[in-house]
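Enquirer:
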Amino acid sequence: MKILVIGSGGREHAMIWKIAQSKKVDKIYCTPGNPGTMELAENIPIKVSELSKLVQFAKKKKIDLTVVGPEIPLIGGIVDLFKKNKLKVIGPSKKAAQIEGSKVFAKKLMMKYKIPTADFMVFDDYSLAKNYLQSAKYPLVVKADGLCAGKGVALCKDAKGGQKFLKELMVDKIFGKSSNHVLIEECLDGPEVSFMLASDGKNFISLIPSQDHKPIFDGDLGPNTGGMGAYAPVPFVSQKMMKRIEKEIVMPIINAMKKEGIPYEGILYPGIILTEDGPKVLEFNCRFGDPETQPLMFMLESDIIDLFDAIINKKLKNFKLLWHRGAAICIVLTAKGYPGEYEKRDEIFGLDKLKHEKNIITFHSGTKLDDKKLVTNGGRVLGVTAIGKDLKSAIYNAYKYIGKYGVNFSGMHYRKDIGKKGLSK
Ligand code: AMP
Ligand code: GLY
87 MKILVIGSGG REHAMIWKIA QSKKVDKIYC TPGNPGTMEL AENIPIKVSE
137 LSKLVQFAKK KKIDLTVVGP EIPLIGGIVD LFKKNKLKVI GPSKKAAQIE
187 GSKVFAKKLM MKYKIPTADF MVFDDYSLAK NYLQSAKYPL VVKADGLCAG
237 KGVALCKDAK GGQKFLKELM VDKIFGKSSN HVLIEECLDG PEVSFMLASD
287 GKNFISLIPS QDHKPIFDGD LGPNTGGMGA YAPVPFVSQK MMKRIEKEIV
337 MPIINAMKKE GIPYEGILYP GIILTEDGPK VLEFNCRFGD PETQPLMFML
387 ESDIIDLFDA IINKKLKNFK LLWHRGAAIC IVLTAKGYPG EYEKRDEIFG
437 LDKLKHEKNI ITFHSGTKLD DKKLVTNGGR VLGVTAIGKD LKSAIYNAYK
487 YIGKYGVNFS GMHYRKDIGK KGLSK
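Quick note, our numbering runs 86 ahead of the 1-based positions in the sequence shown.
(1) Are residue 157 and residue 187 touching if we call contact CB-CB under 9 Å?
(2) Can you tell me the Cβ-Cβ gap for residue 375 and residue 282, rounded? I've got them flagged as a contact below 8 Å.
(3) For residue 237, which residues from the same chain have a beta carbon less than 8 Å from its beta carbon, with the 5 sequence-adjacent residues on both sides left out?
(4) Which value, in whole angstroms, describes the spacing of the CA atoms of residue 506 and residue 438?
(5) Ends of the alpha helix (DSSP H) at residue 206?
(6) If you drop the 5 nearest sequence neighbours on each side, which residues of the same chain put their C-beta closer than 6 Å to that of residue 416?
(7) By the DSSP assignment, the beta strand (DSSP E) with residue 366 in it spans what residues?
(8) Of all the options 312, 295, 296, which has the alpha carbon lying nearest to the alpha carbon of residue 303?
(9) Going by the CB atoms, is the gap between residue 419 and residue 467 shorter than 9 Å?
(10) Taking the C-alpha atoms as reference points, what is the distance between residue 165 and residue 482?
(11) Assign residue 427 to buried or exposed, taking buried as 16 or more other Cβ atoms, counted over all protein chains shown, within 10 Å of its Cβ.
(12) Is residue 377 helix, strand or coil when you go by DSSP?
(13) Between the alpha carbons of residue 465 and residue 338, how many angstroms are there, rounded?
(14) Can you confirm whether the stretch 448-458 touches the stretch 396-409 when touching is taken to mean that 3 or more C-beta pairs between the two stretches lie within less than 8 Å?
(15) Within its chain, find whatever has a CB closer than 6 Å to the CB of residue 99; leave out the 5 residues flanking it on each side and keep chain order.
(16) Look at residue 116 and residue 91 and say whether their C-beta atoms are less than 9 Å apart.
(17) CB residue 179 to CB residue 163, shorter than 9 Å?
(18) Which residues does DSSP list as the beta-bridge partners of residue 270?
(19) Determine contact between the stretch 280-295 and the stretch 336-355, defined as no fewer than three beta-carbon pairs at a distance below 8 Å.
(20) Which value, in whole angstroms, describes the spacing of the CA atoms of residue 97 and residue 159?
(21) Which whole-angstrom value is the C-beta distance of residue 395 and residue 108, which I expect to be below 8 Å?
(22) So, helix, strand or coil for residue 219, using DSSP?
(23) Look up residue 254 in the DSSP assignment and say whether it is helix, strand or coil.
(24) For residue 118, report the span of its beta strand (DSSP E) as first-last.
(25) Which residues in the same chain as residue 274 place their Cβ atom closer than 6 Å to its Cβ, once the five residues preceding and following it in sequence are excluded?
(26) For residue 110, which of 88, 235, 103 has the nearest alpha-carbon?
(27) Between the beta-carbon of residue 231 and the beta-carbon of residue 265, is there less than 9 Å?
(28) Which residue comes first and which comes last in the beta strand (DSSP E) that contains residue 466?
(29) As a quick exercise: from 447, 429, 478, pick the residue whose alpha carbon is nearest that of residue 495.
(30) Nearest-angstrom Cα distance between residue 387 and residue 105?
As structure tokens, then:
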């Protein structure tokens, strides 16, 4: 089979690493890819937003299956376009991808079908929203409706903080049209879990739960990022809790979308908070999470092509996935300044030391080859991902190789507490 993976981050590198292990696969292309994907796939310089070029390429190369990593092409309708051209592709239709593209859409659907989520209000008028924030009870969460690379959400402790962020969204328009509508919602309390699953429109299979670490600093302090590290599985999500999430959230949303005439096919990732009143949805993503996919691919024992085939052929009913024992963890190394303006072109050292270690792999996110030298080229630079017999040993295996005696670059930052929440529960 010839496979095309669309994207250029750690998620796509991890998927390609897993796809490359399938005996069914002869050739992998990645658009546009990065220096890490280049070792396993042929990188083709087409941007994720160049939908017609991607279709032309897939037709020309007779691609058997395309896997879309990021949300932007999915929300832009890449799946509809590929299907119109009789190309097989993993992902939801443009209409179904709205579940991530518009938080208001997702919230209204959850409300209609009684799927547990935080109470909320929607505003499109700045002064009404401002007045509401003046007299509301805190803490509160203020969110932009559309995509903002994980930065369109603020947890506000008081009216001053809420109004400052509201002004940025609705008056200063720091995220443009994404904040034409703004949500103000109840702040949920409890541990957060990334619950990914594959759906064929009717049936689904859950992947093992994982946990992301969004804020930049240890102890969940500082501004939110795209994700500073993740581990899987999550020890405090019991089999019983998994069943409850499937019954109260997953099955109802899949049935709801079918009933609305927009069946969900592809990977669905609800972000969930386990509150005292049970699991509640924070948001839905229409794709694999990043960095969560990095430890997930390490844990997955089954051939991932079988999973993709089951989605395409609508055979997820009774489909089984095998997972390795133990746990896997990914520590994200970021460039100086991230999640604000960050430095680029710092040389990366030490990756060769890890090449022969079988329990560890470093997935590339924001790297670039500059005159044959590997340099930083993004906020999130690398995902050092390790497996171990349990979470504690996975953590040990990953951190051992970061720093002076392992991977490093000038200005490198990483959290020292990834996985800790899984140990203490
Ligand atoms: P979202 O893009 O909606 O997932 O929000 C980004 C992050 O903000 C989430 O991963 C949570 O950590 C946090 N968050 C969002 N909504 C809430 C909420 N209602 N209560 C508590 N935390 C939230
Ligand atoms: N890890 C967060 C996301 O992929 O949206």
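Quick reminder that beta carbons are idealized off the backbone N, C-alpha and C, glycines included. Please read these numbers as outputs of a predicted model, since none were measured by experiment.
Expert: The answer reads as follows:
(1) yes
(2) 6 Å
(3) 261, 309, 310, 425
(4) 28 Å
(5) Segment 206-209 is the beta strand (DSSP E) holding residue 206; no alpha helix (DSSP H) there.
(6) 315, 316, 377, 380, 381, 469, 471
(7) Run containing residue 366: 364-371, per the beta strand (DSSP E) assignment.
(8) 312
(9) With respect to the 9 Å criterion, residue 467 and residue 419 are classified as neighbours on the basis of their beta carbons.
(10) 40 Å
(11) Its Cβ having fewer than 16 others within 10 Å, residue 427 is exposed.
(12) coil
(13) 37 Å
(14) no
(15) Its chain contains 122, 123, 449, 450 as the residues whose beta carbon lies nearer than 6 Å to that of residue 99, once the 5 sequence neighbours on both sides are disregarded; these appear in chain order.
(16) yes
(17) yes
(18) 207, 228
(19) yes
(20) 15 Å
(21) In this structure, residue 395 and residue 108 do not form a Cβ contact; the two beta carbons are roughly 10 Å apart against a cut-off of 8 Å.
(22) DSSP places residue 219 in helix when its eight states are reduced to three.
(23) helix
(24) 113-118
(25) 204, 359, 361, 366
(26) Nearest of 88, 235, 103 to residue 110, Cα basis: 88.
(27) yes
(28) Taken as a continuous stretch (DSSP letters only), the beta strand (DSSP E) holding residue 466 covers 466-474.
(29) 429
(30) 12 Å
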